[in-house]
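S.K.:
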Amino acid sequence: DQQVKQNSPSLSVQEGRISILNCDYTNSMFDYFLWYKKYPAEGPTFLISISSIKDKNEDGRFTVFLNKSAKHLSLHIVPSQPGDSAVYFCAASEAGSARQLTFGSGTQLTVLP
Amino acid sequence: EAGVTQSPTHLIKTRGQQATLRCSPISGHTSVYWYQQALGLGLQFLLWYDEGEERNRGNFPPRFSGRQFPNYSSELNVNALELEDSALYLCASSSRDRKNEFFGPGTRLTVL
């Protein structure tokens, strides 16, 4: 059973427009959420995170929104740039000593020039 | 500061052989995680080591095993290789707060 789901395997956006990547989760014990970006032949790199006590976190062009009641988070990239083309993974973890990340299956973002 | 390193970059084996993959975490990190990313799939959690102990393992058969050394580096061993073991194997490390994981570049394992 997938606890973290990214239902869109791919997304294409025009340069300069907004990219919105979505992620849903089922485990109500998750309290910390992260987004990672992965280029081909490289490991994922951390992008932005949000704690469940917040509903929004912003870092430059990247904003993550959390809707706890809907168990949904989204990553907004504004404006999108061709260098943003990558696979984006959302991840979540539960409070406690384990704090192991559970990853979604990823969304391939392509930003068209 | 050096990031997470993995070796080898690529590994080609045949069915039934054994593969050993290595990972060195970021200095000061005590936790090491192993993930498998098969073609078209997301990151599947394999193993978590912390302070030399296996803390958790994902839904993989026992022929996937590993260990963590006193210097916190880690090995992943895959015995009796099968074709479907062909994947990118990613290692990540984290500090004691375990809020974020830093990934290495991965080892591409091909089983022929």
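So the sequences go chain by chain: A and B.
With the working numbering, the residue at position 35 of the first sequence is 23, and numbering never jumps.
With the working numbering, the residue at position 58 of the second sequence is 188, and numbering never jumps.
Backbone N, C-alpha and C define an ideal beta-carbon position, used for all residues, glycine too.
If you're wondering where the values come from, they're calculated on a predicted model, not measured in any experiment.
(1) Less than 7 angstroms between the C-beta atoms of residue 206 of chain B and residue 164 of chain B, yes or no?
(2) Name the chain B residues that come within less than 9 angstroms of residue 20 of chain A, Cβ to Cβ?
(3) Can you give me the start and stop residues for the beta strand (DSSP E) that residue 184 of chain B sits inside?
(4) Looking at the structure shown, is residue 212 of chain B part of a helix, part of a strand, or coil, going by DSSP?
(5) Return yes when the Cβ of residue 74 of chain A is within less than 7 angstroms of the Cβ of residue -8 of chain A, no when it is not.
(6) Can you tell me the Cα-Cα spacing of residue 134 of chain B and residue 187 of chain B, whole angstroms?
(7) Could you please give me the residues that DSSP links to residue 20 of chain A through a beta bridge?
(8) Using a Cβ-Cβ cut-off of less than 8 angstroms, list which residues of the segment 45 to 57 of chain A approach chain B; keep chain order.
(9) I'd like to know if residue 235 of chain B contacts chain A, where contact means its C-beta is closer than 7 angstroms to some C-beta of that chain.
(10) Is there a C-beta anywhere in chain A that falls below 7 angstroms from the one on residue 178 of chain B?
(11) Measure from the alpha carbon of residue 139 of chain B to the alpha carbon of each residue in B:229, B:196, B:152, B:225, then state which is nearest.
M.R.: Based on what the coordinates show:
(1) yes
(2) Residues of chain B passing the Cβ test: 229.
(3) It spans 183 to 187 - the beta strand (DSSP E) in which residue 184 of chain B sits, taken as one unbroken run.
(4) In this structure, DSSP gives residue 212 of chain B a state outside helix and strand, which the three-state scheme calls coil.
(5) no
(6) 20 angstroms
(7) A:39, A:81
(8) none
(9) yes
(10) yes
(11) B:152
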